[in-house]
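Chains X and B supply the protein sequences, listed in that same order.
Here the first sequence is numbered in the numbering used here, starting from 571 and rising by one per residue.
Here the second sequence is numbered in the numbering used here, starting from 571 and rising by one per residue.
Backbone N, C-alpha and C define an ideal beta-carbon position, used for all residues, glycine too.
This structure is a prediction, so every number in the text was calculated from the model and none was measured.
Have a look at the structure below before the remarks.
There are 2 protein chains.
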Amino acid sequence: MKISSLQDLLLDQLQDLYDAENQLVKALPKMAKAALSSELRQAFEHHLHQTQGHVERLERVFEKLGSKAKRKTCQAMKGLVEEGEELVNAKPDANVLDAGLIGAAQKVEHYEMAGYGTVQTWARQLGQEEVARLLQQTLAEEEQTDEKLTQIAEDMVNLQAVGAASR
Amino acid sequence: MKISSLQDLLLDQLQDLYDAENQLVKALPKMAKAALSSELRQAFEHHLHQTQGHVERLERVFEKLGSKAKRKTCQAMKGLVEEGEELVNAKPDANVLDAGLIGAAQKVEHYEMAGYGTVQTWARQLGQEEVARLLQQTLAEEEQTDEKLTQIAEDMVNLQAVGAASR
């Protein structure tokens, strides 16, 4: 796609995010299955449900912009998913695996936070308020997921500290 | 590297970040040169200076962990830098280029924010308080850069709104 206007740039980045979300719908069940902690597994399962919603929301966004929902391979997400798979295949101790899965998932969430933050700004710039509102909803859910993952990681640190203190 | 302990995982991710920061030291001057807005150019130049500091800070971190500073190719950063280059080569209108450069840079910042957030948590978990403090300093600078870029993007939207109202 030739990018000459802000509308072109917006569509290009929406196609990137649409591909990223679709990749994530496939990756999250594997991450949930690999997780040891039930809290982490539930967080991945909950986010899978949200991610399916993000795919549909993007389809509404494309429709509102008079464009077809199209995927453009998101290389960054591909790299992040591969990194997560490598970790699972390396079969480290379960606690180490969970820590690594949280790290991988937070990179994914931050990629999406940056992406949605950008496209909702461009949508506003183009006067597409309804599109901006939809993208903002997804952004808020990605931020919540990131906070939830931080909290699970912090709990792991604290649990370990309690364990160390009682030894 | 075989990953079996949290220390292995920490070193693995530090090598990823060390490669990412080094890639960024090469990419930022090109992004600064391509930017139309002087505010954006200055932001990239300021962040180049910070990024050189992040490379050195990581070298101190490796030293404190008794390990050699080593790069492990960060595929995600490679993808993000290529995306930025493609945009510059597409030669869109200058305002569109600036908007796209900000978007690309915010993805880079978010990648790093996720990465540093994770490694500083692991360093604390391993009782490496000094290492965690160093990593936290870099994390704070990445967050400030992201906020600065958001502000520049918002200024662009507002400027455009003022322009539209006065027409």
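- A direct Cα-to-Cα measurement between B/E724 and X/T691 gives close to 7 Å.
- Listed along chain X are H680, Y681, M683 and A684, each with a C-beta nearer than 8 Å to that of B/H680.
- Its chain contains A602 and A605 as the residues whose beta carbon lies nearer than 6 Å to that of B/R611, once the 5 sequence neighbours on both sides are disregarded; these appear in chain order.
- Contact between B/L705 and B/Y681 is ruled out by a C-beta separation of about 15 Å, above the 8 Å threshold.
- Leaving aside the five residues that flank X/E653 on each side, the residues in its chain whose CB is nearer than 7 Å to its CB run, in chain order, A674.
- At a cut-off of 8 Å between C-beta atoms, X/D668 does not count as an interface residue with respect to chain B.
- Here DSSP, grouped into helix, strand and coil, assigns X/D716 to helix.
- DSSP, reduced to helix, strand and coil, places X/S608 within a helical segment of the structure shown.
- Ranked by Cα distance from B/E711, the options B/R694, B/Q695, B/H616 and B/K572 are led by B/H616.
- In this structure B/L580 is in contact with B/V689, their Cβ atoms being roughly 6 Å apart against a cut-off of 8 Å.
- With 16 or more neighbouring CB atoms inside 10 Å of its own CB, X/P662 falls in the buried class.
- Among the residues of chain X, those whose CB is under 9 Å from the CB of B/D663 are S574, S575 and L576, following chain order.
- Considering only beta carbons, the part of the stretch 691-703 of chain B lying closer than 9 Å to chain X consists of T691, W692, R694, Q695 and G697, in chain order.
- Across the set X/A693, X/Y588 and X/A669, the C-alpha of X/A669 shows the shortest separation from the C-alpha of X/V727.
- Each residue's CA atom was taken as its position, placing X/R627 and X/D586 some 14 Å apart.
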